[in-house]
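163 is the number of the first residue of the sequence shown in our numbering; add one for each residue after it. C-beta atoms are modelled at their ideal positions from N, C-alpha and C, and glycine is treated no differently. Shown next, in structure tokens, is the structure this report addresses.
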Amino acid sequence: MAHRKQWLGALALALTGQLAQAQPAEGVLNARIQGLQSANGKVGCWLWDQPKGYPTDPKLARALHWGAISGGSATVSFDGLAPHTYALACFHDENGNGKLDTNWLGIPNEGMVASNNARGRMGPPKFDDAKFAFVGPVLELALKVRY
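Encoded structure:
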């Protein structure tokens, strides 16, 4: 009987170890935004984990992170990400007011780019065009801003 308890205990430990290894690892996403027309301000990137609100309602984004500009580019990083499908919308906040400025029609006055360098037709890009799979542990994206 004692031998059976030891065997069951060893089996339980082995299964626990396998389950712990099977859990999705958290990782880091680095987005390098290139082609910035000036070193003024900073670059902001919204990260979405769902299509709802992309990219016009930043309140529905999962996170907004900022990157400093150096040499015509900026890197914005997101850490602690679980494997999932995400999409980015990034902008050059040239005047440093912390938001994307638009004209009265809603067209951006500041440089923008979406993941996959997706472009919209008669409006912003769609989530399905900008989405990418993040499987971790590290993903590097290179995006070119358009003004």
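With H, G and I counted as helix, E and B as strand and the rest as coil, what does DSSP make of Lys293? coil
Does the beta-carbon distance from Phe296 to His254 come in below 8 Å? no
Find out if the Cβ-Cβ distance for the pair Thr218, Pro286 is shorter than 8 Å. yes
Cutoff 7 Å; reference Lys306; Cβ partners in own chain excluding five residues on either side: Gln196, Gly197, Val275 and Asn279
Length of the line joining the Cα atoms of Ile126 and Lys288: The displayed coordinates of the chain run from 163 to 309. Any statement about residue 126 would go beyond what the structure contains.
For a test of the three-state rule: what should DSSP assign to Asn279, helix, strand or coil? helix
Rounded to whole angstroms, how far is the Cβ of Leu209 from the Cβ of Ala225, which I believe are closer than 8 Å? 5 Å
Under the assumption that Asn192 contacts Thr237 (Cβ atoms under 8 Å), give the Cβ distance between them as a whole number of angstroms. 6 Å
C-alpha distance - Val298 paired with Asn259, whole-angstrom precision: Position check: residue 298 holds Gly in this sequence, whereas Val was assumed. Going by the C-alpha atoms only, they are around 32 Å apart.
Whole-Å CB distance - Cys252 paired with Gly203, under 8 Å assumed: With 8 Å as the limit, Cys252 and Gly203 do not qualify as a contact, their Cβ atoms being about 13 Å apart.
Terminal residues of the continuous beta strand (DSSP E) containing Glu256? Taken as a continuous stretch (DSSP letters only), Glu256 belongs to no beta strand (DSSP E), as it is neither H nor E.
Residue closest to Ala201, alpha-carbon to alpha-carbon, out of Gly233, Trp228 and His227: Gly233
For Gly273, which residues from the same chain have a beta carbon less than 6 Å from its beta carbon, with the 5 sequence-adjacent residues on both sides left out? His254, Val307 and Tyr309
Residue from Met284, Asn257 and Ser277 with nearest C-alpha to Gly268: Met284
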